[in-house]
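Those letters in the sequence shown? Residues 147 to 324, by the numbering used here.
Read through the structure below, which is laid out as structure tokens, and then see the notes.
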Amino acid sequence: MEFRQAKQDDLLPLLRMYEKIIQKMNAEGIPIWDDVYPCAYFAGDIENGRFFVAQEGDSLAAGFALCDSNDGQDAVDWAKPAACACYLDRLGVSPEYAGQGVGGQMLSYAMALARQKGAAYLRLFVVDCNLPAIGLYRKSGFVQAGGVYEEQIDKDLSLREYGFEIRLSPMNPHPPSR
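Structural data, given as structure tokens:
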């Protein structure tokens, strides 16, 4: 599997992959994503060099954005709030690759990229009903921060999001290439 920064040519395959992810999440009772979020953000993420993918042959297997900030970053109690941190957003694994360890590999890749950027922590937010993602983050060594980020999506929808973080060791600062 190849891990790399996304290119403009990846946009259409990325949208198709996330469409399948969204359908799977909806079928599993986790209706938190749609064509607006996360899909409307991919073009900007790619243009700004902050979206990364895993590719197997001609297929995209997973993707995520690695950001320097997050709207909810001040809403929870991080271990060291002032520490340099990167924020993982929009992590998705194609249903064809679910259960094969790709999510954990993507987290390792994100940690390596965050280390390269000088971050001491990799942080993320996850909606409280997304139990598979919460399980993956805990299994991968992430620790839940205190508090909850209440994100108001529109007048009828508010999401409760937990913050998770992992302290990055300075060891092995190079992301895997395959």
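Cβ coordinates follow ideal geometry from the N, Cα and C atoms, glycine included.
It should be emphasised that the depicted structure is a prediction, and the values quoted were computed from it without experimental measurement.
| message | Do I312 and L282 count as a contact pair if the criterion is CB distance below 8 angstroms? | response | no
| field | Cβ shell of D191 (< 7 angstroms), same chain only, five flanking positions each side left out | value | F197, A211
| query | Looking at the unbroken beta strand (DSSP E) that takes in I167, where does it start and where does it end? | reply | Here I167 belongs to no beta strand (DSSP E); instead the alpha helix (DSSP H) covers 157-173.
| said: Please report the straight-line C-alpha distance between K301 and Y233, rounded to a whole angstrom. | reply: 26 angstroms
| task | Could you give the DSSP three-state label for C275: helix, strand or coil? | result | coil
| field | Residue span of the alpha helix (DSSP H) that contains F188, given as start and end | value | 188-193
| request: Compare the C-alpha of G245 against each of A208, S215, F149, D274 and name the closest. | output: A208
| said: On a Cα-Cα basis, can you pick out the residue from Y255, L259, R162 that is closest to F188? | reply: R162
| task | Return the bridge partner residues of F210 from the DSSP annotation. | result | F198
| Span of the beta strand (DSSP E) holding G238? | 231-239
| E307 beta carbon less than 8 angstroms from that of G175 | no
| message | Cutting at 6 angstroms between CB atoms, please list the residues of its own chain near Y243, excluding the five before and the five after it. | response | A207
| message | Let me confirm a value: N276 is counted as buried when at least 16 other C-beta atoms fall within 10 Å, else exposed. Which label applies? | response | buried
| message | Less than 7 angstroms between C-beta atoms, sequence neighbours within five positions excluded: which residues of the same chain meet that for A260? | response | L212, C232, L268, L314
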